[in-house]
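Enquirer: For what it's worth, our numbering labels the leading residue of the sequence shown as 702, then goes sequentially.
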Amino acid sequence: MGLLNDHRILITGVLTEDSLAFGIAKRALEEGATIALSGAGRGTSLTRRTARKLGDVGEIIELDVTEPAQINAAALELERRFGRLDGLVHAIGYAPATCLGGGMFEAPFADVAVAMQISTYSLAALVGAFRPLLQKSEAHGGASVIALDFDGSRAYPMYDWMGVMKAGLESLGRYLAREVGPDRIRVNMLAAGPIRTVAAKSIPGFSLFEDTWAERAPLGWDVHDSSAVADTAMALLSPLLRATSASVIHVDGGAHSMG
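(1) Got a sec? Which residues, its chain only, sit under 6 angstroms from G740 by beta carbon, not counting five neighbours each side?
(2) Can you list, in chain order, the stretches of the beta strand (DSSP E) that have 3 or more residues and sit fully within the segment 836–876?
(3) Among F910, V881, A774, I950, which residue has its Cα nearest to the Cα of A929?
(4) Exposed or buried, what is G921 when buried is set at 16 or more other beta-carbons lying within 10 Å of its beta-carbon?
(5) Taking DSSP as the reference, what is the three-state secondary structure of H791?
(6) Is there a C-beta anywhere in chain B that falls below 8 angstroms from the one on G874?
(7) Rounding to the nearest angstrom, what Cα-Cα distance links I896 and N889 in this structure?
(8) Using beta-carbon positions only, say whether A892 and D926 come within less than 8 angstroms of one another.
(9) Threshold first: 4 residues or longer. Then list the alpha helix (DSSP H) segments lying entirely within the segment 781–835, N to C.
(10) Which value, in whole angstroms, describes the spacing of the CA atoms of G742 and E763?
(11) How close, in whole Å, do the beta carbons of L870 and F831 come, if the pair is a contact with beta carbons under 8 angstroms?
(12) Is it buried or exposed for T863, if we count other Cβ within 10 angstroms and need 16 for buried?
(13) Quick one: Cα of A878 to Cα of G759, how far?
(14) Closer than 8 angstroms is the cut-off here; do at least three beta carbon pairs connect the segment 939–953 with the segment 790–801?
(15) So R749 is in the alpha helix (DSSP H); what residue range does that whole segment cover?
(16) State the Cα-Cα distance for the pair A816 and A734, rounded to the nearest angstrom.
(17) Alpha carbon to alpha carbon, how far is V790 from A848? Give it in angstroms, no decimals.
(18) What distance in whole Å lies between the Cβ atoms of V924 and I886, which are believed to be in contact at a cut-off of 8 angstroms?
(19) How big is the Cα-Cα spacing for G802 and E718?
(20) Tell whether a beta-carbon distance below 8 angstroms holds between V766 and I819.
(21) Along the alpha helix (DSSP H) that carries R917, what are the first and last residues, could you check?
(22) Evaluate V899 with the Cβ neighbour count: other Cβ atoms within 10 Å of its Cβ, from every protein chain shown; 16 or more gives buried, anything less gives exposed.
(23) Going by other Cβ atoms of all chains shown within 10 Å of its Cβ, with 16 needed for buried, is M866 buried or exposed?
(24) On the DSSP bridge assignment, give the partners of S739 in chain order.
(25) Give me the Cβ distance between L777 and L834, rounded to the nearest whole Å; I'm assuming they're in contact under 8 angstroms.
(26) Label A956 either buried or exposed according to how many other C-beta atoms from any shown protein chain fall within 10 Å of its C-beta, with 16 as the threshold for buried.
(27) Tell me the rounded alpha-carbon separation between Y860 and S958.
(28) Pull up the DSSP beta-bridge partners for L711, would you.
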């Protein structure tokens, strides 16, 4: 019997096989979950192709988090398909090029606002829209929301405004956990160390993380192996961590605590 038997989970952010969200989706299926995947804009066709490698996960749900109408339509589709939600994985992030690698004074506010809406505010938008479905969770301990994160407590080279968005995501997660906790909905952030994904390669200076992370991490770190991230997500989605909420769970070999 799997950890997630009879769990119904929406997983966002599956683009390619190296996506952290893909690894989570694959493990969730192995643990007995029924999942739905979402895609946005032109990336939806890529999500659809990648989803075929997971088996039958149903039609991809169109979910552009900058479009309130699509968020509401996604909630209706999930109601029709599942009737409830036991889990939500938020693996959504984007920042215009001006927000990464050029310091803190180059990006106009319009670009910062785009990064904020997609990378941070979208968590509140989705939890708010899906709250009635999450309230109906039949899982022991209630529903679980996970937001994929990158340590927002430090200022990393080249990460610039995206680091600010991650810090905001962590703070938002705590406030959401406070608000929806009485509904038996827990909200946690899963802060992964650097993994070599398509998204990561678009970050200027990503090789700096690769070169130094394994040296700083007491347990070491492999930028090609996301299995520990997926395994931790299984624990967070399952009843095993039913009393854990408003927390940042680090899966980074311990590097976040080193000087």
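We put the beta carbon where it would ideally sit given N, CA and C, even for glycine.
Values in this document were obtained by computation on a predicted structure and should not be read as measured data.
Expert: The structure says:
(1) As a first step, residue 740 is located in the sequence shown; it is residue number 39 there, counting from the start. Residues of the same chain with a CB within less than 6 angstroms of the CB of G740, apart from the 5 flanking positions on each side, are T748, I761 in chain order.
(2) The segment 836–876 contains these whole beta strand (DSSP E) runs: 844–850.
(3) One-based indexing of the sequence shown puts residue 929 at position 228. Nearest C-alpha to A929: I950.
(4) Indexing the sequence shown from 1 puts residue 921 at position 220. Counting Cβ neighbours within 10 Å, G921 comes out exposed, since fewer than 16 surround it.
(5) One-based indexing of the sequence shown puts residue 791 at position 90. In the structure shown, H791 falls within a strand segment according to DSSP collapsed to helix, strand and coil.
(6) You won't find chain B in this structure, because it holds only one protein chain.
(7) Residue 896 sits at position 195 when you count from the first residue of the sequence shown. Residue 889 sits at position 188 when you count from the first residue of the sequence shown. Distance between the alpha carbons of I896 and N889 is about 20 angstroms.
(8) Here residue 892 refers to the residue found at position 191 of the sequence shown. Here residue 926 refers to the residue found at position 225 of the sequence shown. With contacts defined as CB atoms closer than 8 angstroms, A892 and D926 fail to qualify as a contacting pair.
(9) Complete alpha helix (DSSP H) runs here, min 4: 810–817.
(10) On the sequence shown, position 41 is the one that residue 742 refers to. On the sequence shown, position 62 is the one that residue 763 refers to. C-alpha separation (whole angstroms): 8 angstroms.
(11) Indexing the sequence shown from 1 puts residue 870 at position 169. Indexing the sequence shown from 1 puts residue 831 at position 130. About 17 angstroms separates the Cβ atoms of L870 and F831, ruling out a contact at the 8 angstroms cut-off.
(12) Numbered from 1 along the sequence shown, position 162 holds the residue referred to as residue 863. Note that residue 863 is Met in the sequence shown here, rather than Thr. Label assigned to M863: buried.
(13) Working through the sequence shown from its first residue, we reach residue 878 at position 177. Working through the sequence shown from its first residue, we reach residue 759 at position 58. Straight-line Cα distance between these residues: approximately 30 angstroms.
(14) At 8 angstroms Cβ cutoff, the stretches do not touch.
(15) Residue 749 sits at position 48 when you count from the first residue of the sequence shown. For R749, the enclosing alpha helix (DSSP H) covers residues 744–752.
(16) Here residue 816 corresponds to residue number 115 of the sequence shown, with the count starting at 1. Here residue 734 corresponds to residue number 33 of the sequence shown, with the count starting at 1. Distance between A816 and A734, taken at the CA atoms: about 31 angstroms.
(17) Here residue 848 is taken as the residue at index 147 of the sequence shown, counted from 1. Here residue 790 is taken as the residue at index 89 of the sequence shown, counted from 1. The straight-line gap from Cα to Cα measures roughly 6 angstroms.
(18) Position 185 of the sequence shown, counted from the start, is the residue given in the question as residue 886. Position 223 of the sequence shown, counted from the start, is the residue given in the question as residue 924. Going by Cβ atoms, the distance from I886 to V924 rounds to 33 angstroms, so no, they are not a contact pair.
(19) Walking along the sequence shown from the start, residue 802 turns up at place 101. Walking along the sequence shown from the start, residue 718 turns up at place 17. G802 and E718 have their C-alpha atoms spaced approximately 26 angstroms apart.
(20) For this step, residue 766 is matched to residue 65 along the sequence shown. For this step, residue 819 is matched to residue 118 along the sequence shown. It is a contact, given that the beta carbons lie within the stated cut-off.
(21) Reading the sequence shown from its first residue, position 216 is the one you call residue 917. Looking at the DSSP string, the run of the alpha helix (DSSP H) that includes R917 is 907–917.
(22) Along the sequence shown, read from residue 1 onward, the residue named residue 899 stands at position 198. Taking all protein chains shown into account, V899 has fewer than 16 neighbouring C-beta atoms within 10 Å of its C-beta and is therefore exposed.
(23) Working through the sequence shown from its first residue, we reach residue 866 at position 165. Buried, by the Cβ-count rule.
(24) Within the sequence shown, numbered from 1, the residue matching residue 739 stands at position 38. Paired residues: I762.
(25) Walking along the sequence shown from the start, residue 777 turns up at place 76. Walking along the sequence shown from the start, residue 834 turns up at place 133. Not confirmed; about 10 angstroms, so no contact.
(26) Here residue 956 is taken as the residue at index 255 of the sequence shown, counted from 1. Result: buried.
(27) To locate residue 860, count along the sequence shown from 1; it is residue 159. To locate residue 958, count along the sequence shown from 1; it is residue 257. Those two C-alpha atoms are separated by around 18 angstroms.
(28) Within the sequence shown, the letter at position 10 stands for residue 711. Looking at the DSSP output, L711 sits in a beta bridge with A737, L789.
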